[in-house]
Amino acid sequence: MYTYGRRDSYRSNAGRNNYSGGGYSSRSSATAAGKDILQDLVLVGAQTLSKPRPSNTRSEADAACHIENVKYVASYNWVDSRDPTILVPGSPGVWRSLPMPFRVRPDSGLVYIDQNGARAPSCPLLPLFRAADTMKERRGVDTVDDWSAVDVVTDRNNLRKLLSWLGSGARREDFRIDVQLAGARTLLFQRWEPRASEIVGEGRGFGHSYEEHCTTTPPGLERWKSTGHHRVISYDLAGMKLVVRFEVDACYPSTPAGEDTSDALADALSSLSVSRPSAEAGGLASSGVTVVEAGTVVPQSSLIELKTRSVRNADSFDWADAYLQLYLGQTPHSIMGVHQFGTFEERREKKLDSASLKHVARTQQRYLQQLGQLLGQIQRLVVERGDAKLSVLCRSGVLQLVERQSTGLLLPLEVLERFSTQSE
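For the record, in the sequence shown the residue sitting at position 331 is 331 according to our numbering, with numbers rising by one throughout.
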């Protein structure tokens, strides 16, 4: 998401030329400039993970694997601020259906590959919990009744990486996911990238400029320099209970599901200016991310994933990969802007449940089923290792669970306490 109202501004690569907000870089993370994928890892004693085999005896109906019990947990916008600051619940940019043709300039400037990792590098998962706690304490939203019953807390990005290894897409890239056991069963998956952001010159595409041109500032966020909206939902998949965070590009105008908090912005501004997040050894304290109440909760049914393609590449677009991105975030709408050298003359809209995607949905069932099995396999191995710091590492197509040399935790102790409550 771009900074609202500014053309030369911070932008995130929302899954167009590079994966983001549920994807991963198209560059090999083992060779791209930045951090070494093997940094702090101990390869001796690595456990190789096996690729689950889908049953050939089940009927297609029996083998179907669907996401169920989808619930909103939290949402937030990052703010362009010196200190890590989020607006809760925030809002995505509001889509405006502009007459065509229109022209946008090529993308340029700072691009976020992983904005959570860039703005809260010591604890990228912390904003998720700060937003969830704020929604519970101030809005009465408490959809995660028992955190200790959750199997995996993750970014959608990590799930797509694992699905790629399972064979669901064309990409076969090296990747890494840092893992920690919370409580007796919950896996914390922390996204890992060689770089959390990068500077790009003109010529890399038009996706960010298209998003900026076709969306407007959400109500209640006019005074803020917002740099991206993230949403957190929970759902059941293949016997696993997941809490998933992902970036949202836009939403259709609608009646919000929550109250507008714009009246409290004056007080929030003053608190923002005096708040000083504090870092502690081994991790970031809960106070390390400043929370300002602003924005509205938009319905899940209004969410949009935006994409752009040149007219020569639009017909060959990989809808299998895009379907999984939409499905894992339960994003019901996709809009593809088709352009010729930055002049947009066509808009292709699809719905997640549309007839044109039904065949794609059927072909992805086996991979979703395998994903659930793979997550279960990783969970069993991590539970066996107890307090060990671990990472899931994929190199040259081999997926392994390896030890990570680190004294820090993926979350502060006061946040981890919620996972110690025994499930009833």
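Yeah, the Cβ is synthetic: ideal placement off N, Cα and C, and Gly gets one too. Remember, predicted model here, so these are calculated numbers, not experimental data.
Check: Exposed or buried, G93, counting other C-beta atoms within 10 Å across all chains shown (16 or more means buried)?; Outcome: buried
Check: Identify the residues that DSSP records as bridge partners of E403: which are they?; Outcome: V42, L390
Check: Would you give the residue range spanned by the beta strand (DSSP E) that V144 belongs to?; Outcome: Neither: V144 is in no beta strand (DSSP E) and is coded neither H nor E.
Check: Would you kindly work out how many angstroms separate the C-alpha atoms of P84 and V289, rounded to a whole number?; Outcome: 5 Å
Check: For R130, I'd like the list of residues in its chain whose CB is within less than 6 Å of its CB, leaving aside the five on either flank, ordered along the chain.; Outcome: V289, V291
Check: Let me check understanding here. Comparing Cα to Cα, which of G329, R404, E345, G228 lies closest to A314?; Outcome: E345
Check: Does the distance from the C-beta atom of G34 to that of P219 stay below 8 Å?; Outcome: no
Check: Is the region 206-218 close to the region 405-414, with three or more CB pairs under 8 Å?; Outcome: no
Check: Would you please state the rounded distance, in angstroms, between the beta carbons of I113 and S197? I believe it to be under 8 Å.; Outcome: 6 Å
Check: Which ranges would you report for the alpha helix (DSSP H) in the region 60-137 if only whole runs of at least 4 residues count?; Outcome: 60-63, 115-119
Check: Where do the N-terminal and C-terminal ends of the beta strand (DSSP E) with D178 fall, by residue?; Outcome: 175-182
Check: For A281, which of helix, strand or coil comes out of DSSP?; Outcome: Here the model assigns A281 a pLDDT of 27, short of 50, so the residue's position is not dependable, and the following value carries that caveat. A281 falls in the coil class under three-state DSSP.
Check: Kindly indicate which residue of R404, D80, R348, T363 has the alpha-carbon position closest to the one of N116.; Outcome: D80
Check: Can you tell me whether T343 is buried or exposed, with buried defined as 16 or more other CB within 10 angstroms of its CB?; Outcome: exposed
Check: In angstroms with no decimal places, state the Cα-to-Cα distance between A250 and W224.; Outcome: 17 Å
Check: Below 8 Å on the Cβ atoms is my contact criterion, and I expect V402 with S420 to pass it. Report the Cβ-Cβ distance as a whole number of Å.; Outcome: That belief does not hold up - the Cβ atoms of V402 and S420 are roughly 26 Å apart, past 8 Å.
Check: Going by beta carbon distance, what residues of the same chain come within less than 6 Å of S75, once the five residues before and after it are set aside?; Outcome: P89, G90, R231
Check: Just tell me which of P54, C123, Q47, S108 has its CA closest to the CA of V415.; Outcome: C123
Check: For the beta strand (DSSP E) that contains K351, what are its first and last residues?; Outcome: 343-351
Check: Buried or exposed: F341, going by 16 or more other Cβ atoms within 10 Å of its Cβ?; Outcome: exposed
Check: In the DSSP assignment, find the alpha helix (DSSP H) that holds D321 and state where it starts and stops.; Outcome: 319-328
Check: Tell me, please, which residues DSSP counts as bridged to Q47.; Outcome: L401
Check: What is the DSSP secondary structure of R191, reduced to helix, strand or coil?; Outcome: strand
Check: Using DSSP with H/G/I as helix, E/B as strand and the rest coil, what is Q340?; Outcome: strand
Check: Output needed for L338: all residues of its chain with C-beta closer than 8 Å, excluding positions within five of it in sequence on either side, in chain order.; Outcome: Note on identity: in this sequence residue 338 is Val, with Leu being the wrong assignment. So the list reads T308, R309, S310, V311, A314, F344, E345, E346, R347, R348, once near-sequence residues are dropped.
Check: Could you have a look at F206 and say whether DSSP puts it in helix, strand or coil?; Outcome: coil
Check: To the nearest angstrom, how far is the alpha carbon of R385 from that of Q377?; Outcome: 13 Å
Check: So what does DSSP say about I378, is it helix, strand or coil?; Outcome: helix
Check: Tell whether a beta-carbon distance below 8 Å holds between V141 and K241.; Outcome: no
Check: Use the C-beta contact count for G397: other C-beta atoms within 10 angstroms, 16 or more gives buried, fewer gives exposed.; Outcome: exposed
Check: Hey, quick one: how far does the alpha helix (DSSP H) through R160 stretch, first residue to last?; Outcome: 156-166
Check: Based on Cα-Cα distance, which residue from R366, L41, L306 lies nearest to A388?; Outcome: L41
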